[in-house]
Amino acid sequence: MSERAAQRRGSVAGNSKAEATRARILAAGRTVYGEQGMHGTTVQRILKVAGISRPTFYKYFASAPEVIDEIVQSCNTEVEGLFLKVFAQPQSAFYDYLPVALSGYLNWGRSLGPLMIARFRELHDVSSPVSRYRDAHNERIVMILHEAMQAHGRTPPDSLALKTLVQGIEHLGYQFCAEAEHTDMPRYITVMARLCVSMLGQREDWEAMLASPFFSRLMALEG
């Protein structure tokens, strides 16, 4: 690919028509990738869904994998932004963020439809090119959680505990979107909350959480 071609594909800022076409390609790519995965996502399938010509596609992207690459990175940014937004809101205690963060994550995943499932599977498949983004993505979420705890005067647990929590929540989110009904959300939030209790808290934190109506209800400690 020539430098000029690369420059042309990236030159959409400020051009509303070009931005709209590029967004149309990405939206089609999300649909195809969610249904077909990496190996089944082709330029031809994207063209069919987007309703554009091949020359138009190549004005913006060099290949189908390039579209997928941007889609996965965009999804990762959406998740990180979701948690940043949650923790930016004022709360009296750090643990008050958890119900909002957990339900927000599950609702976000559900809103993606099949894309959530394809993204999770390929982030965890070392043979997939997009798997290279997983570690850095999870590290950023760990850092968001670490900084949020510090901002509330909490002492963050060991990084291994935070990584374990992030990976566990990630997997439960995938299970919820792949296997569960939307009405099963309270059950999944219960399991996620228990994971949070075990990974985030010291003894005094556990006692404080179990005294809260939200956590005591989820832990089935109330009648």
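Residues 925 to 1147 (our numbering) are what the sequence shown spells out, left to right.
Ideal Cβ positions, reconstructed from N, Cα and C, are used throughout, including at glycine.
Quantities reported herein were computed from a predicted structural model and do not represent experimental measurements.
Counting of Cβ neighbours within 10 angstroms places N939 among the exposed residues, the total staying below 16. Here T1079 is exposed, its C-beta having fewer than 16 other C-beta atoms within 10 Å. A direct Cα-to-Cα measurement between C1120 and L1089 gives close to 7 Å. In the DSSP assignment, I1068 falls within the unbroken alpha helix (DSSP H) covering 1058-1075. Here H1061 is buried: its Cβ has 16 or more other Cβ atoms, across all protein chains shown, within 10 Å. For G958, the enclosing alpha helix (DSSP H) has its first and last residue at 940-964. For the stretch 1077-1118, the continuous alpha helix (DSSP H) assignments of 4+ residues that do not extend past its boundaries occur at 1083-1103, in sequence order.
In chain order, V996, V1054, S1055, Y1057, R1058, H1061 place their CB closer than 8 Å to the CB of L1047, counting only its own chain and leaving out the 5 sequence neighbours on each side. Here the stretch 965-977 does not lie against the stretch 1000-1007, with fewer than 3 beta-carbon pairs under 8 Å apart. Between V973 and V956, the CB-CB gap stays under 7 Å. In this model, N1031 and M1040 are separated by some 11 Å (Cα to Cα).
About 6 Å separates the Cβ atoms of L1096 and M1116, confirming a contact at the 8 Å cut-off. The beta carbon of Y1029 lies closer than 6 Å to those of G1097 in the same chain, with the five residues before and after it left out.
Within the same chain, M962, E1046 come within 7 Å of S1052 by CB-CB distance, once the 5 residues on both sides are set aside.
Taking a 10 Å sphere around the C-beta of A1135, we find fewer than 16 other C-beta atoms and assign the residue as exposed.
In this chain, the alpha helix (DSSP H) harbouring D993 covers 988-1012.
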